[in-house]
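What follows is a short report on a single structure.
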Amino acid sequence: MVALLEPAVVDKATTLETLLETPAGKRMMTCIQCGTCAGTCPYGEHMEFAPRLVINMLRGGFIDEVIKSDSLLRCVACYACLAKCPRGIRLTDVLLPLVKEQVLVTRTEIPAEFQKSLENMHRYGNPMGESPRKRAAWTATAGTKIPILAEVKRTVDVLWFVECYPSFYARGQDNCRAVAKLFQALGVDFAILGNEEKCAGECGQVTWESGLFESLAEDNMKLFKKYQFRRIVTADAHAYNAFHFRYPMFGLTQPAEHTTQFFARHLDQLKPRLTRPVNRTVTYHDPCCLGRATGSYDEGRALLQAIPGVKLVEMVHNRVNSICCGGGGGGMWLDTYYKQKGMERLSERRVREAVATGADVLAVSCPYEISRFEDALKTVPHDKPMVVRDVVELLAESLA
Amino acid sequence: MKPIVPKKNEPVRIGFYICHCGTNIASVVDVEAVAKYAATLPNVAVSRTYKYMCSDPGQELIQQDIQESRLNRIVVAACSPLLHEHTFRKATEAGGLNPFYFQMVNIREHDSWVHTDRTEATRKAMALARAAIQRVPHHKPLEVKKVGINPNVLIVGGGIGGIHAALTLANAGKMVYLVEKEATIGGHMAKFDKTFPTLDCAMCVLSPKMAAIGSHPNIHLWTYSEVAKVDGYVGNFKVTVRRKPRYILEDLCTGCQECVNACVYKDAKFADEFNLGLGKRKPIFLPFPQAIPPVTMIDPEVCLNFKRGKNPDGSHTVSDKCKKTCVEACGDRKAIDFKQTQEIKEITVGTIIVATGFQIFDARRIPYYGYGVYPNVYNALEVERLINASGPTEGEVILRNGQVPKKVAIVHCVGSRDENTNRWCSRVCCLYSLKLAHLIKEHTHAEVYNFYIDMRTPGKGMEEFYNRIAEEGMHLIRGRVADVYPDPNDGATGRLVVQAEDTLTNKILKIPVDMVVLATGLEPHPEAESLRRMFNLSCSSEGWFLERHPKLAPVNTFTDGIFLAGCCQGPKDIPDTVAQAGAAAAEAFALIDKGHVEQEPNTAYILDDCCGCKSCIPLCPYTAISFAEDTKKAIINETLCKGCGTCVASCPSGSIVQNLFEDVEIYSEIDGVLAEGLF
Ligand SMILES: Cc1cc2nc3c(=O)[nH]c(=O)nc-3n(C[C@H](O)[C@H](O)[C@H](O)COP(=O)(O)OP(=O)(O)OC[C@H]3O[C@@H](n4cnc5c(N)ncnc54)[C@H](O)[C@@H]3O)c2cc1C
Ligand code: SF4
Ligand code: SF4
Ligand code: SF4
Ligand code: SF4
């Protein structure tokens with residue numbers, strides 16, 4: 001994908017007024033109104049202004065009408081439009097968030113659940129409103145000592161950015177325990193930020209340059225400047241995406257990696273230790289923030305195929321054509337709103353495809369997906385049992 | 001006008017001319033300032049600006065000044081020498097001077113077209129002008145060499161482009177070598193049933209031309225062959241052609257196909273290339289009924305009389321394990337030869353026409369259209385074969401499961417106009433999609449949906465054709481297809497859903513169809529790069545061969561004597577291909593008819609102080625240097641020297657001089673460009 005190869009097409013000071021002057025905006029001027037974006041959008045049929053129209057309204061000077069509608073609250077930042085756009089236009093990560101921000105600023109009624117999560121992020125540094133002092137509480141159950149950067153007082157190789165869902169949610173913590181086990185098996189020199197860590201704010205997809213993302217990013221950047229580490233590794237595809245694309249604008253210089261990428265890079269070392277067979281048929285869901293956003297399709301699959309006993313099958317929509325779980329771009333907290341508007345839950349659409357493969361495991365690599373798909377499995381009929389597992393959980397299971 | 005021969009020690013008098021080129025140059029470069037500056041430089045007698053120097057009055061200006069102001073050197077600052085050096089040398093000559101007393105300065109491509117800052121661009125023009133003004137006094141009068149031209153022509157590629165060029169030249173009495181990579185000529189057109197915009201039968205038009213090629217006394221047709229090497233230059237190219245073994249002796253085979261019937265394989269069971277794998281053939285086969293030459297061939301990969309697999313050199317080993325019923329059937333004709341090996345042919349030709357065409361875009365590169373995954377997704381060329389009466393289904397449009405589709409979607413712009421694949425518009429696919437819509441409807445009465453971004457139907461009769469097809473009741477939907485996937489309500493039948501936004505109604509459409517046709521775009525051959533190197537051509541960034549000038553020399557290349565025809569130069573339809581092929585044939589003919597080519601006198605020669613070290617001899621890529629045993633000095637054969645300058649740079653005693661590039665000329669030029677006061 002052309003667009004993904006050039007990170008620096010906008011800077012953080014860009015606004016809707018100045019957008020068309022930037023390199024990203026100049027590319028918007030080349031839109032041929034082909035409608036691929038609207039046609040591929042999972043909620044395209046529910047948008048009064050689908051991405052194609054947003055561009056034309058912007059170019060024609062009618063963007064105010066778009067801001068008045070709730071169309072962009074229905075964008076789940078899935079990168080499908082961007083990935084298929086024949087002009088390589090930065091819709092998902094540039095144009096749409098800028099418009100969405102204006103929608104949030106000018107709109108009088110914001111869906112309550114969504115409003116609440118934004119406030120929580122502001123106040124507590126996590127969307128669920130948990131106490132920041134409990135952020136590292138999970139480490140007690142890790143089964144091994146989890147070093148905290150503030151305590152180790154030296155340069156570590158890997159800063160493991162745990163993120164909110166893995167820190168606070170029971171099923172997220174399963175992921176943490178698996179990562180810890182794998183790190184230990186590989187002898188990785190790592191540490192976490194502990195209670196100091198705040199949400200990476202990939203909800204920057206929702207808020208773009210305004211207060212919330214900026215303040216979260218700046219808080220985290222202060223920590224990143226304070227400690228010495230060589231790379232960031234995170235199990236949260238959204239955080240990875242923020243570190244990869246947005247944080248460099250705030251001064252992040254270390255490379256970021258998603259856990260699947262990190263473990264895939266160490267697969268030669270890991271493979272001999274994956275001895276316990278996991279005799280399951282597995283289908284892999286490409287998280288939008290990892291797949292379409294950064295082109296990382298192969299790592300998760302390579303890890304699954306390295307596990308003895310795993311049979312990998314593909315869903316109808318996979319890789320660049322994968323269907324979003326519906327949790328991105330704020331969608332995580334808009335389920336009720338979408339339901340009110342008569343919109344199908346995307347997690348259900350996705351799970352129906354997973355069920356159709358006949359797999360017993362739906363493998364994921366983003367913490368949002370665990371809860372969304374487990375919920376969806378409660379409502380989507382299926383004859384054969386299916387479980388949702390993070391790729392790293394399956395890896396850890398196979399470790400002898 | 002009487003020729004002016006400058007006397008020895010006569011003072012140099014330069015005429016300097018700077019061209020506005022309309023606004024091309026003058027809008028960025030202050031031409032008046034450059035002319036004023038040039039007037040102050042040593043030896044400049046006349047300095048002028050003019051709107052179009054290449055026009056007749058512009059050229060006359062030079063001639064007049066030579067006579068009236070007794071000029072003996074001319075410098076023109078204008079466009080690229082590629083375009084008009086010849087023009088101004090001619091004007092200089094017409095004014096009575098030796099044409100090599102002229103020097104050209106490129107202030108368009110090298111300056112006004114690539115800069116925006118007027119002050120800086122003007123300074124650059126001054127520096128470049130000064131370089132030429134300091135160089136030109138050292139110019140010497142030179143003679144243009146004339147060398148004879150070989151009247152034979154090589155044509156590479158036997159599609160409609162190559163076929164038309166070959167017949168044109170052969171009919172004019174020229175000897176043509178037509179080299180085609182496949183086992184038959186015909187190219188893409190031979191695969192079509194009907195052609196837009198007239199909907200006339202493709203083979204009815206093409207097969208008489210193909211047959212004429214096969215029987216023409218002036219055409220050597222070498223199919224299943226490739227050009228392996230090209231040496232030499234315009235008028236005198238030495239070409240090596242490799243003829244791959246087809247295990248059939250072309251001269252003896254009558255095309256009766258009795259061997260095919262007699263083959264131990266009773267059923268055809270191998271994928272048939274001509275039908276893009278939609279049909280089957282035997283190990284011995286004729287590519288298609290109207291193939292030219294009408295000669296069968298054997299596929300050694302599957303024929304039982306060969307061992308499986310290739311040898312490292314690409315050849316195949318006979319196993320002698322088959323009963324060889326084909327040989328029995330061929331009988332006295334004795335046309336089958338399992339021992340045939342590749343044959344190398346060496347020919348000399350004066351001109352070459354490259355007509356190697358295109359390949360269609362591989363739709364697998366757009367994974368969300370499902371080509372290669374869902375059996376009911378076809379590319380357009382496959383559908384051309386399905387519609388064709390001599391195709392794998394004898395003209396019945398049926399799916400792989402034998403059913404007739406009731407709803408068909410045609411997806412435009414597949415692998416065209418897309419930054420993720422190919423950026424260009426392939427130009428013919430809107431029209432062939434309309435054609436296919438009509439033909440599919442005619443054959444099946446299906447509902448046909450064309451999904452397009454923009455309907456592009458330029459050209460004579462094309463908009464009328466669009467109108468005609470629209471009237472037939474097609475669903476023409478303005479929106480690029482975003483997704484193709486199995487119908488979730490109806491997966492088992494292979495029915496697919498085509499999803500797209502109808503951008504004119506703002507509706508997201510999900511249309512269930514039985515068949516999806518991908519209007520795959522045209523793209524350069526993967527081997528275009530090796531051809532480019534072999535023929536010393538240039539390519540556009542996309543990989544199409546580059547014409548010398550889009551308007552003034554559209555079928556010429558940057559290599560003299562090599563011409564382009566058809567889609568190897570860019571996507572185009574059959575009428576344009578044929579027009580271009582005619583033009584390429586005319587250009588080749590014009591060269592041949594003239595009888596000779598003029599060679600730039602930029603050759604090198606060896607001075608008397610050559611020490612005889614022989615270091616230059618092996619370096620010359622054209623083996624133009626030899627060693628004279630009597631004088632113990634190297635000598636350069638002027639007709640072989642191409643003026644590359646390699647020897648000049650290599651000579652340890654500095655004893656080699658190259659005309660037009662003498663040291664003093666180059667140093668003066670460098671001094672001029674770096675002159676003080678400008679930068
Ligand atoms: C699906 C489809 C439908 C179309 N329908 C129409 C239509 O209805 N009307 C119309 O006007 N146009 C149509 N076109 C366009 C038409 O195909 C082209 O204009 C035409 O084929 C161009 O002819 P060509 O000789 O340049 O190239 P080609 O037809 O591609 O022929 C090139 C030949 O060169 C040979 N070759 C390639 N490389 C080498 C090599 N290295 N050495 C030796 N030989 C080589 C090839 O084997 C081939 O035989 C259609 C195109 C497509 C894809
Ligand atoms: S896919 Fe791209 S080019 Fe097409 S309408 Fe959308 S933004 Fe414009
Ligand atoms: S990012 Fe996804 S949800 Fe948002 S507009 Fe694009 S396709 Fe639709
Ligand atoms: S090889 Fe012999 S039998 Fe076969 S087509 Fe030629 S002549 Fe006929
Ligand atoms: S001719 Fe039509 S279908 Fe082909 S690339 Fe151009 S616009 Fe697309």
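Going line by line, the protein sequences match chains A and B. This note's numbering puts the first residue of the first sequence at 1, with every later residue one more than the last. This note's numbering puts the first residue of the second sequence at 1, with every later residue one more than the last. Built from N, CA and C at the ideal position, the CB exists for glycine as well.
Proximal residues to residue i (C-beta, below 8 Å), its chain only, five neighbours per side dropped
i, result
"A482 of chain B", "Y368, Q499, A500 and E501"
Cross-strand partners of residue i (DSSP beta bridge)
i, result
"Q499 of chain B", "B:D483 and B:K510"
"R48 of chain B", "B:Y17"
"Q599 of chain B", "B:K145"
"L334 of chain A", "In the DSSP output, where bridge partners are listed per residue, L334 of chain A has none listed."
"V227 of chain B", "B:V241"
"R417 of chain B", "In the DSSP output, where bridge partners are listed per residue, R417 of chain B has none listed."
"W160 of chain A", "A:I192 and A:V233"
"T351 of chain B", "B:V153"
"G232 of chain B", "B:F237"
Under 7 Å by beta carbon: chain A residues contacting residue i
i, result
"I453 of chain B", "I32 and C34"
"A500 of chain B", "G35 and G39"
"A482 of chain B", "T36, G39, T40 and K84"
"R365 of chain B", "The premise fails here: R365 of chain B is roughly 11 Å from chain A at the closest Cβ pair, so nothing lies under 7 Å."
"G372 of chain B", "The premise fails here: G372 of chain B is roughly 14 Å from chain A at the closest Cβ pair, so nothing lies under 7 Å."
"G521 of chain B", "By Cβ distance, chain A contributes nothing, its closest Cβ being about 12 Å from G521 of chain B, past 7 Å."
Where residue i meets chain B, residues with beta-carbon distance less than 9 Å
i, result
"A50 of chain A", "E501, N506 and I508"
Own chain residues within Cβ distance below 6 Å of residue i, not counting five before or after
i, result
"A125 of chain B", "V29, V34, I107 and D111"
"K345 of chain B", "V241"
"E374 of chain A", "V388"
"P300 of chain B", "F306 and H316"
"L5 of chain A", "Per-residue confidence for L5 of chain A stands at a pLDDT of 40, beneath the threshold of 50, marking its modelled position as unreliable; the derived number appears in the next sentence. So no residue of the chain qualifies."
"S225 of chain B", "V179, V241 and R243"
Chain-ordered neighbours of residue i on chain B, where CB pairs are closer than 7 Å
i, result
"G412 of chain A", "The question about residue 412 of chain A has no answer, for chain A in this structure spans 1 to 400."
"H317 of chain A", "Y485"
Contact set between residue i and chain B, taken where Cβ atoms lie within less than 8 Å
i, result
"V320 of chain A", "P367 and Y368"
"G88 of chain A", "E419 and N420"
Residue i: CB within 8 Å of a non-hydrogen atom of ligand 6
i, result
"E257 of chain A", "Ligands displayed in this structure: ligand 1, ligand 2, ligand 3, ligand 4 and ligand 5; ligand 6 is not among them."
Residues near residue i by beta carbon distance below 7 Å, same chain, minus five either side
i, result
"T92 of chain B", "I62, I74, P99, Y101 and F102"
"G582 of chain B", "H164 and T168"
"H412 of chain B", "C429, C430, S433, N450, F451, Y452, I453 and A519"
"A268 of chain B", "K280, R281 and K282"
"T144 of chain A", "A180 and Q184"
"H138 of chain B", "E662, V664, E665 and S668"
"Q261 of chain A", "S296 and E299"
Cross-chain neighbours of residue i in chain A, by beta carbon under 8 Å
i, result
"G58 of chain B", "Under the 8 Å cutoff, chain A gives no residues; its nearest Cβ is about 39 Å from G58 of chain B."
"G415 of chain B", "In chain order: nothing, as chain A lies at least about 10 Å away."
Test item, CB below 7 Å from any non-hydrogen atom of ligand 2 = Taken from the N-terminal end onward, the list reads A:C31, A:I32, A:Q33, A:C34, A:G35, A:T36, A:C37, A:A38, A:P51, A:R52, A:I55, A:C81, A:K84, A:C85, A:P86, A:R87, A:I89, A:L91 and B:R480.
Could you name each continuous alpha helix (DSSP H) segment of 4 residues or more that falls completely within the region 59-95 of chain A, going from the start of the chain to the end?
-> 63-68 and 80-84
Which runs of the alpha helix (DSSP H) spanning at least 4 residues fall entirely within the region 106-139 of chain A, listed in chain order?
-> 112-124
Can you list every residue whose CB sits closer than 6 Å to some heavy atom of ligand 5, going in chain order?
-> In chain order, the hits are B:H412, B:C413, B:S416, B:R417, B:C425, B:S426, B:R427, B:C429, B:C430, B:I453, B:D454, B:R456, B:A519 and B:G521.
Enumerated in chain order, which unbroken segments of the beta strand (DSSP E) with a length of 3 residues or greater are wholly contained in the region 541-619 of chain B?
-> 562-564, 596-599 and 604-606
Uninterrupted beta strand (DSSP E) stretches inside the region 317-389 of chain A (no shorter than 3 residues) | 361-364
Any chance you could list the beta strand (DSSP E) runs of at least 3 consecutive residues sitting entirely within the region 445-475 of chain B, in chain order?
-> 447-452
Can you check the region 361-392 of chain B for any alpha helix (DSSP H) of at least 4 residues that lies completely inside it and give the ranges in chain order?
-> 380-387
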